[in-house]
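Worksheet for the structure shown next.
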Amino acid sequence: MSNKIKVHIADDHKILIEGVIALLHTEDDIEVVDYSLTGKDVVKWFTKNNADVLVLDINMPEMDGIEVLKMFKKRGMNVKTIILSSLSDPKLVQEMISMGANGFLDKTCASEHIIKAVRSVNNGIQYFSDDIKTSLFNLYVTETKDENVIEEELTEREIEVLRYIANEKSSVEIAEQLNVSLKTIETYRRNLYRKLQVKNVVGLAMYAVRNNIV
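According to our numbering, the residues represented by the sequence shown are 63 to 276, in order.
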C-alpha cells in the first residue's frame, strides 16, 4: 500500500516501543518510520523528518512529553500526537489536549486502542481510550455542576451535527451524511464550540451525553 500512515514512537522503554511496533506492523496501512528514547531526540527528529502521527510518552529523560509539545507549539510545528502514558489524571489529560495532543491512551489498555487511535488521529479525529473518556466526563460534570452557565439554544441541525460528532464521525463523513459541504460542517463545529463554551471534541461529546443527545 502506497499511502501508509507513517508513525514515530517516543518512549524511554525500548521493550514498550518494540511491543507497539509489533502491533502496528500487523496492519498493512501503517508503517513505523522510527523511534526516539528521549524527548530531545523526538524534537530533533521532527525538525528534520516528518511522520503522520507521533505516539508520545510523558515521562522521558532530558525532555518530557509536556516539554516536547510546548517545543512543537513554540516552533509552530503541527505534529498529530497520541499520548501513551501510565499517568491518566484527567487534569493532566486536559493540559495535554490544550497543548495540542490529539489523543490519550492509558498504557494498561493501549493494545486494544492503538491501531484505531492512529487511524483516527491521522484523519483529524481526537481519540481517547474508554477509561480516559470516563475520567474526563467525571471531571467535566464536577467542574460544571455548580456553574451557572447560560448556553445558547441549539438549532435542530446543530443538534444533528453534534450527535454525529459525539459518535466519532469526521467532518467529511458528516458532510456526506447530510449532503452539505465540508465548509458548512466546519461552521457548525465552530458555532457549537462557541454556544456550548467548550474547546474540543471531548467537551462536545460530554455535553451530548449529559443532555441525552446520544
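All residues carry an ideal CB built from backbone N, CA and C; glycine is no exception.
Exposure of Asp168, with buried meaning 16 or more beta-carbon neighbours within 10 Å: buried
Closer than 7 angstroms: Lys195 CB and nearest the ligand ZN heavy atom: No copy of the ligand ZN appears in this structure; indeed no ligand is present at all.
For Ala179, the first and last residue of its enclosing alpha helix (DSSP H): 172-184
Residue range of the unbroken alpha helix (DSSP H) whose run includes Asp103: 101-110
Per DSSP, cross-strand counterpart(s) of His70: Asp96, Leu116
Where the beta strand (DSSP E) containing Leu146 begins and where it ends: 143-147
Touching by the beta-carbon criterion (3+ pairs, under 8 angstroms), the stretch 233-253 and the stretch 159-167: no
Rounded Cβ spacing between Val105 and Leu118 (contact assumed at less than 8 angstroms): Contact doesn't hold; Cβ gap of about 11 angstroms is too wide.
Own chain residues within Cβ distance below 6 angstroms of Tyr226, not counting five before or after: Ile236
Nonlocal neighbours in the same chain, by C-beta distance under 7 angstroms from Val234, ignoring five residues either side: Leu244
Arg181 to Ile67 span [Cα, whole Å]: 8 angstroms
Three or more C-beta pairs below 8 angstroms linking the stretch 128-137 and the stretch 86-95: no
Cβ separation of Ala172 and Leu146, assumed to be a contact under 8 angstroms, to the nearest whole Å: 6 angstroms
Chain B contact for Lys142 (CB, 8 angstroms cutoff): No chain B is part of this structure, which consists of one protein chain only.
Enclosing alpha helix (DSSP H) for Leu216 [first to last residue]: First-last for Leu216: undefined, no H or E at that position.
Own chain partners of Asp126 with C-beta closer than 8 angstroms, once the 5 adjacent residues on each side are dropped: Gly101, Ile120
Reference Ser251; option with closest CA among Glu230, Leu224, Val276: The question names Ser, but residue 251 in the sequence shown is Arg. Comparing Cα positions, the closest option is Leu224.
Enclosing alpha helix (DSSP H) for Gly165 [first to last residue]: No alpha helix (DSSP H) holds Gly165; the beta strand (DSSP E) holding it covers 165-168.
Ala267 versus Gln259: straight-line alpha-carbon distance, rounded: 13 angstroms
Buried or exposed (CB count within 10 angstroms, at least 16 for buried), Thr109: exposed
Distance between beta carbons of Ser232 and Ile187, contact taken as under 8 angstroms: 5 angstroms
Coarse secondary structure for Asn65, derived from DSSP in three states: coil
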